[in-house]
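Asker: Sharing a structure, written as structure tokens. Questions coming.
2 protein chains.
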Amino acid sequence: MTRPTEQTIVEAAILVFNEDYSAPLEKVAERAGVTRRTLHRYFTGREELLVCCARDMQRSCREALEQALTSSTDPVVQLENMLYAGIDCGAKYAFFTKLHTRPDHQHAPGQAADCAEYDDLQARCRAVVARLQQEGRISPHLPTEWVLLLLGGVVKTTIEARATGATEPHLRQFAWFSFSKGIGL
Amino acid sequence: MTRPTEQTIVEAAILVFNEDYSAPLEKVAERAGVTRRTLHRYFTGREELLVCCARDMQRSCREALEQALTSSTDPVVQLENMLYAGIDCGAKYAFFTKLHTRPDHQHAPGQAADCAEYDDLQARCRAVVARLQQEGRISPHLPTEWVLLLLGGVVKTTIEARATGATEPHLRQFAWFSFSKGIGL
DNA sequence: TTAATCTGTCTCATATATGAGACATACTGC
DNA sequence: GCAGTATGTCTCATATATGAGACAGATTAA
Numbered sequence: 224m225t226r227p228t229e230q231t232i233v234e235a236a237i238l239v240f241n242e243d244y245s246a247p248l249e250k251v252a253e254r255a256g257v258t259r260r261t262l263h264r265y266f267t268g269r270e271e272l273l274v275c276c277a278r279d280m281q282r283s284c285r286e287a288l289e290q291a292l293t294s295s296t297d298p299v300v301q302l303e304n305m306l307y308a309g310i311d312c313g314a315k316y317a318f319f320t321k322l323h324t325r326p327d328h329q330h331a332p333g334q335a336a337d338c339a340e341y342d343d344l345q346a347r348c349r350a351v352v353a354r355l356q357q358e359g360r361i362s363p364h365l366p367t368e369w370v371l372l373l374l375g376g377v378v379k380t381t382i383e384a385r386a387t388g389a390t391e392p393h394l395r396q397f398a399w400f401s402f403s404k405g406i407g408l
Numbered sequence: 224m225t226r227p228t229e230q231t232i233v234e235a236a237i238l239v240f241n242e243d244y245s246a247p248l249e250k251v252a253e254r255a256g257v258t259r260r261t262l263h264r265y266f267t268g269r270e271e272l273l274v275c276c277a278r279d280m281q282r283s284c285r286e287a288l289e290q291a292l293t294s295s296t297d298p299v300v301q302l303e304n305m306l307y308a309g310i311d312c313g314a315k316y317a318f319f320t321k322l323h324t325r326p327d328h329q330h331a332p333g334q335a336a337d338c339a340e341y342d343d344l345q346a347r348c349r350a351v352v353a354r355l356q357q358e359g360r361i362s363p364h365l366p367t368e369w370v371l372l373l374l375g376g377v378v379k380t381t382i383e384a385r386a387t388g389a390t391e392p393h394l395r396q397f398a399w400f401s402f403s404k405g406i407g408l
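Line by line, the protein sequences are chains H and V. Per the working numbering, residue 224 is the first one in the first sequence, and the count goes up by one each step. Per the working numbering, residue 224 is the first one in the second sequence, and the count goes up by one each step.
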């Protein structure tokens with residue numbers, strides 16, 4: 224076992240819960256190559272596991288996005304790297320955004336800070352897009368919100384394509400081509 | 224009650240299961256404005272309900288796509304209407320494709336015909352894209368598969384945008400703009 | 001009105017998911 | 001080898017989800 228079991232379980236949980244939010248913990252254990260009993264040694268129950276997943280996703284996504292945002296002062300480069308960051312985070316990115324846009328998503332006392340950080344990241348991404356619009360480098364007809372949603376959509380599409388077994392190196396190029404053209408860049 | 228209860232339940236189930244595949248039937252009943260006991264009067268259990276959902280989605284998506292494909296002989300018009308068909312079907316489209324691309328999706332004896340029809344629809348959509356590529360009207364660098372996946376991704380993005388409360392008439396324009404540009408049209 | 005149907009509430013039985021104790025085995029570093 | 005940790009199997013208790021019967025009130029059609 225190269226990675227500690229705890230981390231293996233969290234990553235399996237992210238993959239499983241992203242596909243099926245109410246899936247039994249048995250499936251998570253199965254995917255992690257672990258008994259459910261072992262899973263319970265590390266996590267009291269579903270709730271705690273979900274909190275750990277959220278933390279893990281948050282950390283991964285934050286680091287990746289942070290790097291993308293500081294990679295350059297050119298918003299086009301920033302945007303391209305934001306896309307790649309999402310693709311690299313894979314299911315973590317997809318599930319992370321899903322969690323924070325759930326209709327029943329409420330800010331629990333302990334996680335208010337996490338949500339604030341999510342909102343902050345979201346705002347910084349929006350700023351990149353807004354700047355591109357102000358500079359007239361992307362289509363002025365599209366709302367900022369649409370551009371951000373499309374970014375997420377292309378990321379998810381890329382993840383989906385990767386799952387169906389597509390050639391990895393080209394996928395990023397397809398993704399950036401479709402996204403950049405799709406926002407009129 | 225304008226619609227029969229059975230149909231109300233099926234549509235609620237599609238909305239709920241699309242978001243959370245293993246959600247308890249209680250949630251479906253709740254969303255349908257019905258007691259779980261009432262739900263059980265119409266459907267023996269989860270399995271039967273899912274079969275009915277599949278049938279309903281299949282019918283809706285088939286009709287919508289059929290109309291899009293026969294709307295014109297120009298593949299560009301066909302493609303645009305395919306996009307709108309997906310958007311109009313909403314969650315039905317999203318869940319329908321999700322069901323048929325699940326890793327554990329097996330062709331049960333009674334549903335082999337349904338899957339065949341799905342594959343047929345898929346093939347006809349692919350043919351439209353392939354024709355556009357042969358005629359050199361869209362980017363030759365993108366695989367047919369990517370174009371189809373992107374179509375689905377833009378549909379889902381549009382559904383998501385609609386859910387967050389965006390101006391409906393413009394959404395279709397954004398969707399078609401981003402998709403058509405995104406495939407180099 | 002009467003009969004038939006639809007719908008909801010109560011209740012219970014069963015199935016499945018979840019949580020945990022006890023203990024054996026395997027592997028680790030010392 | 002030995003102690004400590006990680007992991008697995010067995011077992012059981014509890015919680016939740018599911019399925020169904022009995023029956024009452026509402027609605028509808030004749």
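Backbone N, C-alpha and C define an ideal beta-carbon position, used for all residues, glycine too.
#1: Decide if V/Glu249 is buried, meaning its Cβ has at least 16 other Cβ atoms within 10 Å, or exposed.
#2: Taking V/Trp369 as the query, report the chain H residues whose CB atoms sit under 7 Å from its CB, ordered along the chain.
#3: How is the alpha helix (DSSP H) around H/Leu322 delimited, first residue to last?
#4: Below 8 Å on the Cβ atoms is my guess for H/Cys348 versus H/Leu371; work out the distance and round it to an integer in Å.
#5: With a threshold of 7 Å between beta-carbons, can H/Thr380 be considered close to chain V, or not?
#6: So what's V/Ala346 in DSSP terms, helix, strand or just coil?
#7: Given this structure, state the Cα-to-Cα distance separating H/Gly359 from H/Ser403, to the nearest angstrom.
#8: Where do the N-terminal and C-terminal ends of the alpha helix (DSSP H) with H/His263 fall, by residue?
#9: Assign V/Thr401 to buried or exposed, taking buried as 16 or more other Cβ atoms, counted over all protein chains shown, within 10 Å of its Cβ.
#10: Which complete alpha helix (DSSP H) runs does the segment 225-301 of chain V hold, if anything under 4 residues is left out?
#11: With a Cβ-Cβ cutoff of 7 Å, do H/Trp369 and H/Glu303 count as a contact?
#12: Could one say the Cβ of H/Ala246 lies closer than 7 Å to chain V's Cβ atoms, at least one of them?
#13: Residue range of the alpha helix (DSSP H) that V/Gly375 falls in?
#14: Would you call the segment 224-242 of chain H and the segment 295-315 of chain H in contact, with 3 or more CB pairs under 8 Å?
#15: I want to see whether chain V comes within less than 7 Å of H/Ser283, judged by CB atoms only; does it?
#16: List, in chain order, every chain H residue whose beta-carbon is nearer than 7 Å to that of V/Lys404.
#17: Using a 10 Å radius around the Cβ and a threshold of 16 neighbouring Cβ atoms, would you call V/Pro227 buried or exposed?
#18: Around the C-beta of H/Ser295, are 16 or more other C-beta atoms found within 10 angstroms, so that it is buried, or is it exposed?
#19: Would H/Leu373 and H/Thr381 be called neighbours here (beta carbons separated by less than 7 Å)?
#20: Which of the three DSSP states, helix, strand or coil, is assigned to V/His393?
#21: Take V/Ala246 and list the residues in its own chain whose beta-carbon comes closer than 6 Å to its own, dropping the five residues that flank it on each side.
Answerer: According to the structure data:
#1: By the 16-neighbour rule on beta-carbons within 10 angstroms, V/Glu249 is exposed.
#2: Chain-order list of chain H residues neighbouring V/Trp369: Ala384, Phe397, by C-beta distance under 7 Å.
#3: That run of the alpha helix (DSSP H) goes 314-323.
#4: Indeed, because the Cβ distance is near 6 Å, the residues count as touching under 8 Å.
#5: Answer yes: the Cβ-Cβ gap between H/Thr380 and chain V drops below 7 Å somewhere.
#6: Residue state, collapsed to three classes: helix.
#7: A straight line joining the alpha-carbon of H/Gly359 with that of H/Ser403 spans about 14 Å.
#8: Element bounds for H/His263: 259-265.
#9: In the sequence as displayed, the identity of residue 401 of chain V is Ser instead of Thr. Buried, by the Cβ-count rule.
#10: Fully contained in the segment 225-301 of chain V are the following alpha helix (DSSP H) runs of length 4 or more, in chain order: 228-242, 248-255, 259-265, 269-292.
#11: No. Outside cutoff.
#12: Cβ-Cβ to chain V under 7 Å: yes for H/Ala246.
#13: Per DSSP, V/Gly375 belongs to the alpha helix (DSSP H) from 367-386.
#14: With the cut-off at 8 Å, the segment 224-242 of chain H and the segment 295-315 of chain H touch.
#15: No, H/Ser283 lies away from the interface with chain V (no Cβ there is under 7 Å from its Cβ).
#16: Per Cβ cutoff of 7 Å: Lys404, Gly405, Gly407.
#17: The residue in question, V/Pro227, is exposed, as its Cβ has fewer than 16 Cβ neighbours within 10 Å.
#18: By the 10 Å Cβ count, H/Ser295 comes out exposed.
#19: Result no, Cβ atoms of H/Leu373 and H/Thr381 do not sit closer than 7 Å.
#20: Helix at V/His393.
#21: Same-chain partners within the cutoff: Val239.
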